[in-house]
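In the numbering used here, the protein residues as written are 24 to 195.
The beta carbon of each residue, even a glycine, is placed where N, CA and C say it ideally should be.
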Amino acid sequence: MTASSLIPIETIGTRILLIRGQKVMLDTDLAELYRVPVKTLNQAVRRNKKRFPKDFVFQLTRQEMSHSSRSQIVTLKRGHNIKYRQFAFTEQGVAMLSSVLHSPRAIQVNIAIMRAFVQLRQWLSSHADLARKLEEMEQRYDENFRTIFEAIRALMTPEVPEKKGTIGFRLE
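Below, the structure is given as structure tokens:
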């Protein structure tokens, strides 16, 4: 079974979040993908603290958790039903998980996740290039459009006819 057939990249891509200006995946999503309990995943991280520096993994604040929790049960309040604060793994943290979780599925899922991060990075850079090109075009054509708009405004402004003298005689 290949990594691409295991989990579609689009599925993984929807689970990559932007928190604290970093692209991360939450421990709950990773545990679901790896098919391990969240407790097991977090235990593995805690037992191997040296492998997970702060730029690889960080714990969410209660406020961040209330914004990121995705409860399927409508009656529950968002973020108030999670007993422990969640871990957020950066791309490097996800890569490090493969050295801690030793199952064949973990290896395949990790490959799929790394491909999703790469695809997301490529997508973002292509959109950044497009935005830059649009800005360049706006600057280049800005002066031309200004001239055109001035001409249109001049045509739209009604001309005030000069007052001509009255024709005929005036009787007083």
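Could you give the DSSP three-state label for L124: helix, strand or coil?
The answer is coil: DSSP assigns L124 none of H, G, I, E or B.
For Q115, which residues of its own chain have a beta-carbon under 6 angstroms away from its beta-carbon, when the five flanking residues on both sides are left out?
Contacts found: F79.
Going by C-alpha distance, which of K46, E55 and R58 is nearest F81?
Residue K46 is the option with its Cα nearest to F81.
Could you spell out where the alpha helix (DSSP H) holding Q66 opens and where it closes?
Its alpha helix (DSSP H) spans residues V61 to R70.
Mind checking T113: buried by the 16 CB within 10 Å criterion, or exposed?
By the neighbour-count criterion, in which 16 or more other beta carbons inside 10 Å mark a residue as buried, T113 falls on the buried side.
Pairs of beta-carbons, one from the segment 32-47 and one from the segment 136-147, closer than 8 angstroms: are there three or more?
The answer is yes - the segment 136-147 touches the segment 32-47, with three or more Cβ pairs under 8 angstroms.
Can you tell me whether T189 is helix, strand or coil according to DSSP?
In the structure shown, T189 sits in coil (DSSP, three-state: anything other than H, G, I, E or B).
Comparing alpha-carbon positions, which option in K106, I190, L120 and R74 lies nearest S89?
The shortest Cα separation from S89 among K106, I190, L120 and R74 belongs to K106.
Just the Cα atoms here: how many angstroms apart are D52 and K156?
Straight across, the Cα-Cα distance linking D52 with K156 is about 36 angstroms.
Is A67 near V61, with beta carbons less than 8 angstroms apart?
Taking 8 angstroms as the cut-off, the Cβ atoms of A67 and V61 do not count as close.
Residues near E87 in its chain [Cβ-Cβ closer than 7 angstroms; skip 5 each side]:
Same-chain partners within the cutoff: I42.
Nearest to L40 by alpha carbon, out of F75, L83, R58 and T63?
In terms of CA proximity to L40, L83 leads the group F75, L83, R58 and T63.
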